[in-house]
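Quick note, the numbering used here runs 6 ahead of the 1-based positions in the sequence shown.
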Amino acid sequence: MSKSLEAAALMIAKEVVDNGPMELRDLFSLATSSTSPECVLQLTESPMITLAKGDTLVHIQPTAIAFWEKLGSGPKGGKKDVTAYTLFQEVDKSHRSSVANWLRNLSSE
Numbered sequence: 007m008s009k010s011l012e013a014a015a016l017m018i019a020k021e022v023v024d025n026g027p028m029e030l031r032d033l034f035s036l037a038t039s040s041t042s043p044e045c046v047l048q049l050t051e052s053p054m055i056t057l058a059k060g061d062t063l064v065h066i067q068p069t070a071i072a073f074w075e076k077l078g079s080g081p082k083g084g085k086k087d088v089t090a091y092t093l094f095q096e097v098d099k100s101h102r103s104s105v106a107n108w109l110r111n112l113s114s115e
């Protein structure tokens, strides 16, 4: 990362820590008096995941991934080498522990 980008990121982080919590419009200097469509966060529909087995395609909700192994599924082309990161709001120490466990469980044996 370039020094100027790093400095900008540190300034934003300091601003958020010193003056947070902030709304998106404040952070990104969007319109302050009216609620424009760009400022409104909206819930989107969950994406469908398509599984293929032989000549059959099955469309499932992301929650069905919990049954990945029971469905006899695996990633196309075999296991992947993935580095996962997460950003979360730390509520208490148990929350941090839960997130750490979740990240550990992402890896397959």
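Glycine included, each C-beta is placed from N, C-alpha and C at the ideal position.
Cβ-Cβ distance between residue i and residue j below 7 Å
i	j	result
S52	P68	yes
L49	T56	no
Rounded straight-line distance, which links the Cα of residue j to that of residue i
i	j	result
V105	W74	21 Å
A37	K86	Residue placement at A37 is flagged as unreliable, the pLDDT there being 46, under the threshold of 50; a coordinate-derived value is accordingly withheld.
L3	I71	Coverage of the chain is limited to positions 7 through 115, which leaves residue 3 absent and any answer about it impossible.
A19	D61	50 Å
L11	L93	19 Å
L16	K76	45 Å
N107	D98	15 Å
S103	Q95	12 Å
Q65	G84	A quick correction: the sequence has His, not Gln, at residue 65. The straight-line gap from Cα to Cα measures roughly 20 Å.
A14	V88	28 Å
H101	M54	29 Å
Which of helix, strand or coil DSSP assigns to residue i
i	result
T62	strand
T56	strand
L16	helix
K86	coil
V97	coil
T50	coil
L11	helix
W74	coil
Residue of the options minimising C-alpha distance to residue i
i	options	result
K59	K82, K20, K99	K82
Y91	G84, D98, L112, H101	L112
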